[in-house]
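In short: position in the sequence shown from 1, add 40, done, that's our numbering. First up is the structure itself, then whatever we jot down about it.
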Amino acid sequence: MKGILSGGRVPYSVVCLLSFSVYAIGYQAGHHTAKPPVRVAIAEKGAVVLEAALNHPSATPAQMKALITDPINSVLRQYLAQGFVIVDTSRNDQGEMTVTALPADTVDITNELRKAAQLPLQKSAVSEAAVSARTLSTSAEGAKQ
Numbered sequence: 041m042k043g044i045l046s047g048g049r050v051p052y053s054v055v056c057l058l059s060f061s062v063y064a065i066g067y068q069a070g071h072h073t074a075k076p077p078v079r080v081a082i083a084e085k086g087a088v089v090l091e092a093a094l095n096h097p098s099a100t101p102a103q104m105k106a107l108i109t110d111p112i113n114s115v116l117r118q119y120l121a122q123g124f125v126i127v128d129t130s131r132n133d134q135g136e137m138t139v140t141a142l143p144a145d146t147v148d149i150t151n152e153l154r155k156a157a158q159l160p161l162q163k164s165a166v167s168e169a170a171v172s173a174r175t176l177s178t179s180a181e182g183a184k185q
């Protein structure tokens, strides 16, 4: 009975301490290596733009830009700079959703899917989106300073 409680020649308290140390190291390593979850923001941009335009029927294009476009783009830039994926919940005739803005590290696998389905390749839109995302996040960071 003494061998079971003491862990052989190692005292029971040392076994408990070693077990706790291994648990604590594993716990810390797990929290440092875990990836943060993807942050997604949803917006009905099209509906907001339409409603705002209808509320200002006599506005000139310059006024529309100042009253509608610039503030909406400012909000989109703010969330994009924080790493959100912004999903425009407006739907097309087929019921599909479109993505308004993407983080800079987004990868477009559309051409891989087209290749797998033996379809002709198309120009990737992510390279332009990634460049504009980097530009937006850089300008948004500059605006904060």
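All C-beta atoms, glycine included, are put in the ideal place defined by N, C-alpha and C.
If I'm right that residue i touches residue j with Cβ under 8 Å, what's the distance once you round it to whole angstroms?
i, j, result
"residue 83", "residue 128", "6 Å"
"residue 80", "residue 112", "Not confirmed; about 18 Å, so no contact."
"residue 107", "residue 99", "6 Å"
When burial is assigned at 16 or more other CB atoms within 10 Å of the CB, is residue i buried or exposed?
i, result
"residue 116", "buried"
"residue 126", "buried"
"residue 185", "In this prediction, residue 185 scores a pLDDT of 38, lower than 50, which makes its location untrustworthy; the coordinate-derived value is nonetheless stated afterwards. It is exposed - the Cβ of residue 185 has fewer than 16 other Cβ atoms within 10 Å."
"residue 75", "exposed"
"residue 85", "buried"
"residue 101", "exposed"
"residue 143", "buried"
Where does the unbroken alpha helix (DSSP H) through residue i begin, and where does it stop?
i, result
"residue 112", "110 to 121"
"residue 69", "52 to 73"
"residue 102", "101 to 104"
From what residue to what residue does the beta strand (DSSP E) around residue i run?
i, result
"residue 80", "80 to 83"
contact_flag[the region 52 to 65, the region 87 to 104] where n(CB pairs < 8 Å) is 3 or more
Not touching, per the Cβ criterion.
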